[in-house]
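Undergrad:
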Amino acid sequence: MKAAFIRDYGGRDALEIGDYSDPIPEAGDVLVEIHAASINPIDWKMREGYLRSVFDFPLPHVLGRDLSGTVKAVGAEVTEFAPGDLVWGMGNPFRDGSHAEMIAIEAKLVAPKPDALSHVEAASLGVSGMTVIAALDRAAPVGSGDRILIHAGAGGVGSLAIGLAKKRGAHVITTASAANAEKLLELGADEVIDYRNTDFSTVVGELDIVFDTVGGQAHQKSKGVLKPGGKLAFVNTGPLPDGPDRDDIEVIDVRVPGGRANFDRMADLVAEGAITPWVETEMSLDRAREAYDLSQSGHARGKIVLTIR
Ligand SMILES: NC(=O)c1ccc[n+]([C@@H]2O[C@H](COP(=O)([O-])OP(=O)(O)OC[C@H]3O[C@@H](n4cnc5c(N)ncnc54)[C@H](OP(=O)(O)O)[C@@H]3O)[C@@H](O)[C@H]2O)c1
Numbered sequence: 000m001k002a003a004f005i006r007d008y009g010g011r012d013a014l015e016i017g018d019y020s021d022p023i024p025e026a027g028d029v030l031v032e033i034h035a036a037s038i039n040p041i042d043w044k045m046r047e048g049y050l051r052s053v054f055d056f057p058l059p060h061v062l063g064r065d066l067s068g069t070v071k072a073v074g075a076e077v078t079e080f081a082p083g084d085l086v087w088g089m090g091n092p093f094r095d096g097s098h099a100e101m102i103a104i105e106a107k108l109v110a111p112k113p114d115a116l117s118h119v120e121a122a123s124l125g126v127s128g129m130t131v132i133a134a135l136d137r138a139a140p141v142g143s144g145d146r147i148l149i150h151a152g153a154g155g156v157g158s159l160a161i162g163l164a165k166k167r168g169a170h171v172i173t174t175a176s177a178a179n180a181e182k183l184l185e186l187g188a189d190e191v192i193d194y195r196n197t198d199f200s201t202v203v204g205e206l207d208i209v210f211d212t213v214g215g216q217a218h219q220k221s222k223g224v225l226k227p228g229g230k231l232a233f234v235n236t237g238p239l240p241d242g243p244d245r246d247d248i249e250v251i252d253v254r255v256p257g258g259r260a261n262f263d264r265m266a267d268l269v270a271e272g273a274i275t276p277w278v279e280t281e282m283s284l285d286r287a288r289e290a291y292d293l294s295q296s297g298h299a300r301g302k303i304v305l306t307i308r
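Under the working numbering, the first residue of the sequence shown is numbered 0, with each subsequent residue one higher.
(1) Using a Cβ cut-off of 7 Å (strictly closer), state whether I5 contacts chain D.
(2) For the segment 238-305, which segments carrying the alpha helix (DSSP H) assignment without a break, of at least 4 residues, lie completely within its bounds, in sequence order?
(3) Roughly how many whole angstroms lie between the Cα atoms of L293 and A122?
(4) Taking the C-alpha atoms as reference points, what is the distance between D7 and P59?
(5) Expressed to the nearest angstrom, what Euclidean distance is found between the alpha-carbon atoms of D246 and K226?
(6) List in chain order: all unbroken beta strand (DSSP E) runs of 3+ residues lying wholly within the segment 50-88.
(7) Relative to the C-alpha of P276, which residue among G125, R94, G74 is closest?
(8) Just grab the DSSP bridge partners of L231 for me.
(9) Do you know offhand how far A13's Cα is from I5's?
(10) Quick check: A133 and V53, are their CB atoms within less than 7 Å of each other?
(11) Per DSSP, which one or two residues make a beta bridge with S37?
(12) Identify, in the order they occur along the chain, each residue of the same chain with its Cβ nearer than 6 Å to the Cβ of D193, setting aside the five sequence neighbours on each side.
(13) Tell me, to the nearest whole angstrom, how far the beta carbon of G63 is from that of P24; I am working on the premise that it is less than 8 Å.
(14) Going by beta-carbon coordinates alone, are T173 and I161 separated by less than 7 Å?
(15) Note the first and the last residue of the continuous beta strand (DSSP E) segment covering T173.
(16) What do you reckon, is the C-beta of S52 under 6 Å from a heavy atom of ligand 1?
(17) Is the beta carbon of K150 sitting closer than 7 Å to the one on D211?
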């Protein structure tokens, strides 16, 4: 099969696009023909080897987590799927991933794809959607009347978070460059702060929730804009600076869940209109290096999806 894979860690050239051995499903697996797979920052971070202490997979290794496709075969222990079923899901990072024509994936990690989503849309939601569910549906549940600041609203995670928070009735403030403001107002933001020209910590305060997908100084300053009892939900973006802590706020390190029940929950949120895919860029698998470059630039809009078969 064709795949985007690494033989060793490294920069752009470490990603090879070419022939790779066909996956062989184990007893609890489904073999999925992949129609679309999205790009997440974790993919180029893994390529670079930044996460090797956490995800110690054997090389060579196919990158990619999110997928949408058709079941081609099922392992001996799998009863809930049959060839021809359309599924979406998020793969196990220790095994070969989804930037490929086929994947052998644990059946418990995929779910029936919602009919309302195309394969491209479904593939776009995996890691980003799961992160938003973990943060704003669970760890820091956003509700009516909450004032929330969502960092990096133009990103894969931030853009979905805006939609969910708006649907829940919150007042949504987000940071983005000016060029993205109009789109984010369309997605449901009430206020967009141009982070290149305005320090958000000087213009907002007394917030209920901050969702931080930027890290660094933005993380530290976010603590200062919460009201007592407020919540700072953040995802891993790299090392965080030391700084004064507050004991009257909750700081929550959001971990991304996966698995069928969570994808079923996401399907409900999609049906409710609380999670709406925003795919800005589609590229063929042959252009995976370009797609990784765009993600690594730190300035992709919405999601980048590889169209595969
Ligand atoms: N649990 C986890 O560990 C977990 C889960 C998911 C994501 N993450 C991490 O979270 C980060 C974001 O993920 P993502 O998928 O949303 O990334 P992404 O789609 O690549 O985000 C790109 C967006 O970030 C915006 N941006 C960059 N710097 C900014 C700043 N200082 N302030 C405001 N916006 C800024 C850019 O907007 P402009 O072009 O307008 O600058 C761009 O639209 C990544 O580091 C990712 O690895 C971690």
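We treat Cβ as the ideally placed atom computed from N, Cα and C, and that holds for glycine.
TA: Concretely, from the data shown:
(1) Looking at the structure shown, chain D is missing, and only one protein chain is on hand.
(2) 259-271, 287-295
(3) For the purposes of this step, residue 293 is identified with residue 294 of the sequence shown, where counting begins at 1. For the purposes of this step, residue 122 is identified with residue 123 of the sequence shown, where counting begins at 1. Taking the straight line joining both Cα atoms gives about 18 Å.
(4) Here residue 7 refers to the residue found at position 8 when the sequence shown is read from its first residue. Here residue 59 refers to the residue found at position 60 when the sequence shown is read from its first residue. Whole-angstrom Cα-Cα distance: 7 Å.
(5) What you label residue 246 is simply residue 247 of the sequence shown in a count that begins at 1. What you label residue 226 is simply residue 227 of the sequence shown in a count that begins at 1. Roughly 12 Å separates the two Cα atoms.
(6) 65-73
(7) Here residue 276 refers to the residue found at position 277 when the sequence shown is read from its first residue. The option with the nearest alpha carbon to P276 is G125.
(8) Within the sequence shown, numbered from 1, the residue matching residue 231 stands at position 232. For L231, which the question treats as bridged, DSSP gives the partners V209, V250.
(9) Within the sequence shown, residue 13 is the residue found at index 14, counting from 1. Within the sequence shown, residue 5 is the residue found at index 6, counting from 1. Cα to Cα, the separation comes out at about 6 Å.
(10) One-based indexing of the sequence shown puts residue 133 at position 134. One-based indexing of the sequence shown puts residue 53 at position 54. No; because the gap between Cβ atoms is not below 7 Å, this pair is not in contact.
(11) The residue given as residue 37 occupies position 38 in the sequence shown. S37 pairs with V304.
(12) Here residue 193 corresponds to residue number 194 of the sequence shown, with the count starting at 1. Contacts found: A177.
(13) Here residue 63 refers to the residue found at position 64 of the sequence shown. Here residue 24 refers to the residue found at position 25 of the sequence shown. With 8 Å as the limit, G63 and P24 do not qualify as a contact, their Cβ atoms being about 17 Å apart.
(14) The sequence position of residue 173 within the sequence shown is 174, counting from 1. The sequence position of residue 161 within the sequence shown is 162, counting from 1. A contact, by the Cβ cut-off of 7 Å.
(15) Residue 173 sits at position 174 when you count from the first residue of the sequence shown. First-last of the beta strand (DSSP E) with T173: 170-175.
(16) Residue mapping note: residue 52 aligns to position 53 of the sequence shown, counting from 1. Because no heavy atom of ligand 1 lies under 6 Å away, the Cβ of S52 does not count as near it: no.
(17) The residue labelled residue 150 in the question sits at position 151 within the sequence shown. The residue labelled residue 211 in the question sits at position 212 within the sequence shown. Here the sequence assigns His to residue 150, which means Lys is not the residue at that position. In this structure, D211 lies closer than 7 Å to H150 by Cβ.
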